[in-house]
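Protein chains in written order, with the working numbering: chain R, 12 to 308; chain D, 12 to 308.
Number of protein chains: 2
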Amino acid sequence: MELRHLRYFVTVAETCHFGRAAERLHVAQPALSHTIRQLEDELGVVLLARTTRQVRVTPAGEFFLAEARRVLAGLDVGVRGVRRIGEGKRGLLRVGFTGTAAFSHLPRLARALAQRVPDVELEIRADLLTAEQCERLRTGTLGIGVLRPPVTGDDIGFRVIESEPLVLAVPADHRLAAEPVVAMAEMRSEPLVTYDRRNSVVYDAVARSCREAGLTPPQLHEASGTAVLLALVAGGLGVGVVPASARALPLAGVVFRDLAGAATVELALAWHRETRSPLVTTVLDVLEDVFPTTEST
Amino acid sequence: MELRHLRYFVTVAETCHFGRAAERLHVAQPALSHTIRQLEDELGVVLLARTTRQVRVTPAGEFFLAEARRVLAGLDVGVRGVRRIGEGKRGLLRVGFTGTAAFSHLPRLARALAQRVPDVELEIRADLLTAEQCERLRTGTLGIGVLRPPVTGDDIGFRVIESEPLVLAVPADHRLAAEPVVAMAEMRSEPLVTYDRRNSVVYDAVARSCREAGLTPPQLHEASGTAVLLALVAGGLGVGVVPASARALPLAGVVFRDLAGAATVELALAWHRETRSPLVTTVLDVLEDVFPTTEST
DNA sequence: TGCGATTGATAACCGCTGTTTATCAATAGA
DNA sequence: TCTATTGATAAACAGCGGTTATCAATCGCA
Numbered sequence: 012m013e014l015r016h017l018r019y020f021v022t023v024a025e026t027c028h029f030g031r032a033a034e035r036l037h038v039a040q041p042a043l044s045h046t047i048r049q050l051e052d053e054l055g056v057v058l059l060a061r062t063t064r065q066v067r068v069t070p071a072g073e074f075f076l077a078e079a080r081r082v083l084a085g086l087d088v089g090v091r092g093v094r095r096i097g098e099g100k101r102g103l104l105r106v107g108f109t110g111t112a113a114f115s116h117l118p119r120l121a122r123a124l125a126q127r128v129p130d131v132e133l134e135i136r137a138d139l140l141t142a143e144q145c146e147r148l149r150t151g152t153l154g155i156g157v158l159r160p161p162v163t164g165d166d167i168g169f170r171v172i173e174s175e176p177l178v179l180a181v182p183a184d185h186r187l188a189a190e191p192v193v194a195m196a197e198m199r200s201e202p203l204v205t206y207d208r209r210n211s212v213v214y215d216a217v218a219r220s221c222r223e224a225g226l227t228p229p230q231l232h233e234a235s236g237t238a239v240l241l242a243l244v245a246g247g248l249g250v251g252v253v254p255a256s257a258r259a260l261p262l263a264g265v266v267f268r269d270l271a272g273a274a275t276v277e278l279a280l281a282w283h284r285e286t287r288s289p290l291v292t293t294v295l296d297v298l299e300d301v302f303p304t305t306e307s308t
Numbered sequence: 012m013e014l015r016h017l018r019y020f021v022t023v024a025e026t027c028h029f030g031r032a033a034e035r036l037h038v039a040q041p042a043l044s045h046t047i048r049q050l051e052d053e054l055g056v057v058l059l060a061r062t063t064r065q066v067r068v069t070p071a072g073e074f075f076l077a078e079a080r081r082v083l084a085g086l087d088v089g090v091r092g093v094r095r096i097g098e099g100k101r102g103l104l105r106v107g108f109t110g111t112a113a114f115s116h117l118p119r120l121a122r123a124l125a126q127r128v129p130d131v132e133l134e135i136r137a138d139l140l141t142a143e144q145c146e147r148l149r150t151g152t153l154g155i156g157v158l159r160p161p162v163t164g165d166d167i168g169f170r171v172i173e174s175e176p177l178v179l180a181v182p183a184d185h186r187l188a189a190e191p192v193v194a195m196a197e198m199r200s201e202p203l204v205t206y207d208r209r210n211s212v213v214y215d216a217v218a219r220s221c222r223e224a225g226l227t228p229p230q231l232h233e234a235s236g237t238a239v240l241l242a243l244v245a246g247g248l249g250v251g252v253v254p255a256s257a258r259a260l261p262l263a264g265v266v267f268r269d270l271a272g273a274a275t276v277e278l279a280l281a282w283h284r285e286t287r288s289p290l291v292t293t294v295l296d297v298l299e300d301v302f303p304t305t306e307s308t
């Protein structure tokens with residue numbers, strides 16, 4: 012039995028007329044008669060009671076008609092679904108976020124995708140450093156990464172979506188909190204709470220800024236992420252230098268101040284060139300509107 | 012797209028091996044490759060990622076695999092169902108009953124069918140006289156009739172399943188209620204409550220019995236069915252002569268007494284020879300055990 | 001009653017396409 | 001480097017689904 016049998020039968024049952032059904036199916040009438048006969052032989056059941064003048068659907072035919080319709084409709088659903096997957100408009104997308112980016116960018120990203128490609132499910136993995144995201148993009152554990160360049164290797168494509176200055180995070184009662192803008196030099200001997208030194212692009216930027224300003228602040232504490240870093244600042248263990256987007260993560264007792272002369276850090280969307288699926292392509296396309304490409308500094 | 016594509020794809024996806032899948036499908040491997048390619052082209056989606064060494068199912072393939080399985084399983088259900096209809100083990104059977112037969116025979120009939128052919132739905136139409144049942148058997152409104160012979164016309168087949176004597180129904184305080192067995196002659200001038208004279212086989216049998224006994228009892232009241240007849244008897248409007256199976260329908264104030272010398276009436280299963288469906292055949296076969304053929308008197 | 005129109009079935013022929021056989025290219029393992 | 005394995009490709013074949021031509025049966029109408 013083939014779908015042809017079902018399609019032909021449904022059409023004949025609907026019209027109760029071999030001639031007109033044949034016309035609608037764009038085949039000749041004898042072919043229809045033959046196919047229906049085949050179907051009945053295989054089922055061992057007469058589906059259509061035909062005289063030379065009229066065709067009636069038997070009770071068994073009535074039952075099989077409903078089943079055939081169900082099968083054909085089910086197939087249609089499947090075909091549409093898989094086509095949407097092929098177009099990248101449906102499926103599961105794993106997105107990785109670096110540090111504070113989840114707080115500052117995920118809301119807009121999620122809202123845009125829910126509106127433009129509602130059948131795309133998101134799985135978010137936050138607090139991934141650049142190196143790990145690149146690795147996961149390669150293995151397919153991530154489809155898209157939101158990370159801080161530079162990426163490791165030519166096989167990772169990326170697009171800068173934001174270039175943000177570093178800002179100062181100090182306890183609310185700290186002397187530097189009184190000034191609207193703080194110069195690097197003013198930090199002088201303030202103890203610094205830093206990010207994890209290994210693999211952190213932000214750490215490197217902070218260190219570079221200090222070096223350029225001729226500062227060598229004592230670095231007593233390391234935090235595994237921005238939230239922890241700010242908590243340590245709130246606890247009075249030192250001041251922090253964090254990306255401006257950390258402002259999206261307010262914490263009682265901590266205030267942010269612009270930092271004159273500090274470096275900037277970039278945020279980028281990244282993907283694996285070789286395994287770039289239609290889903291990734293579609294989503295990157297949608298995100299072009301929400302997060303337009305920013306000129307790299 | 013045809014079911015062939017789905018069957019081939021499901022097998023390849025299950026084995027992840029074109030060669031072994033081809034073997035299982037009893038086709039050559041190139042045919043498989045070709046068919047899968049066709050499917051992918053039509054869907055516009057790569058379902059199977061194949062290298063020269065291994066085959067993997069893509070996420071889209073995973074999705075379509077589930078859909079294809081659903082479609083194939085749905086078809087299988089439909090085919091099994093319609094085959095059972097073809098075998099007469101499933102479907103809707105309309106059964107007609109004459110007068111009291113519904114009370115005396117329907118319980119056993121329904122229980123037997125529920126046990127032996129559980130997928131057969133019953134639709135019961137009671138209180139149908141023989142003539143009307145024959146007509147309905149011809150038009151297909153009934154599949155099987157439980158009626159009192161004779162039937163009208165050669166196209167109705169029937170099988171006698173019971174031959175029962177007529178019995179006397181009298182009010183509990185009636186003089187005849189005192190005797191365990193009543194002779195026809197003892198009824199003499201008792202007013203008789205009868206069935207509808209037109210088309211009632213039982214009426215004819217009662218009339219014949221009276222004629223043979225030389226009685227011409229006054230017939231003041233006609234009842235449209237046994238229940239009504241007994242109610243009239245209970246009301247003291249006369250005595251009734253009813254088939255023995257009426258005892259299955261006890262009514263306060265009415266007692267039954269054997270009637271010596273009265274005629275017997277038969278009960279039969281009837282069907283339409285020309286439109287006898289597999290369902291009717293199967294059910295008649297099952298009922299052979301419950302209601303064996305009785306020798307006609 | 002008879003004729004024509006309609007409708008599904010049948011028969012014979014045809015051609016597409018699904019299948020097979022033979023072969024190749026690529027890769028993993030020894 | 002050689003061999004075995006695996007899927008893809010090419011060409012030839014054949015089965016079968018499709019078409020045309022025709023028939024048989026029935027209904028409508030005169």
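All C-beta atoms in this analysis are idealised placements derived from N, C-alpha and C, irrespective of residue type, glycine included.
Residue i - partner residues in DSSP beta bridges
| i | result |
| --- | --- |
| L133/R | L104/R |
| A24/R | Bridge partners of A24/R: none, in fact. |
| Y206/R | A234/R |
| S174/R | E277/R |
| A60/D | R67/D |
| G168/D | W282/D |
Where the beta strand (DSSP E) through residue i begins and ends
| i | result |
| --- | --- |
| Q230/R | Q230 to A234 |
| D296/R | Unbroken run through D296/R is the alpha helix (DSSP H), P289 to V301; no beta strand (DSSP E). |
| R119/D | That residue, R119/D, is in no beta strand (DSSP E); its alpha helix (DSSP H) goes A112 to R127. |
| T150/R | Premise fails: T150/R lies in the alpha helix (DSSP H), T141 to T150, not in any beta strand (DSSP E). |
| P254/D | V250 to P254 |
| G72/R | Taken as a continuous stretch (DSSP letters only), G72/R belongs to no beta strand (DSSP E), being part of the alpha helix (DSSP H) at P70 to G97. |
| R258/R | That residue, R258/R, is in no beta strand (DSSP E); it is neither H nor E in DSSP. |
| L158/R | I155 to L158 |
Beta carbon of residue i nearer than 7 angstroms to that of residue j
| i | j | result |
| --- | --- | --- |
| I172/R | F267/R | no |
| P176/D | E277/D | no |
| G85/R | V294/D | no |
| A180/D | L241/D | yes |
| V204/D | G249/D | yes |
| V56/D | A32/D | no |
| S211/R | A273/R | no |
| G251/R | D138/R | no |
| F75/D | L58/D | yes |
| A60/D | R67/D | yes |
| F157/R | A255/R | Checking the sequence shown, residue 157/R turns out to be Val, not Phe. Result no, Cβ atoms of V157/R and A255/R do not sit closer than 7 angstroms. |
| G264/R | A183/R | yes |
| L50/D | F29/D | no |
| V106/R | I155/R | yes |
Assigned exposure category for residue i - 16 Cβ within 10 Å defines buried
| i | result |
| --- | --- |
| T292/D | exposed |
| R119/R | exposed |
| A257/R | buried |
| Q144/R | buried |
| G225/D | exposed |
| G247/R | exposed |
| T62/D | exposed |
| T109/D | buried |
| S288/R | buried |
| M195/R | buried |
| M198/D | buried |
| E299/R | exposed |
| E306/D | exposed |
| L231/R | exposed |
| S200/D | exposed |
| T150/D | exposed |
Extent of the continuous alpha helix (DSSP H) run through residue i
| i | result |
| --- | --- |
| L270/D | Segment V265 to A271 is the beta strand (DSSP E) holding L270/D; no alpha helix (DSSP H) there. |
| G30/D | F29 to L36 |
| L54/D | Q40 to L54 |
Review point. Taking the runs of the alpha helix (DSSP H) that are 4 residues or longer, which of them lie wholly in the stretch 177–226 of chain R?
Key: Runs of the alpha helix (DSSP H) lying entirely within the stretch 177–226 of chain R, each at least 4 residues long, are 195–198 and 212–223 in chain order.
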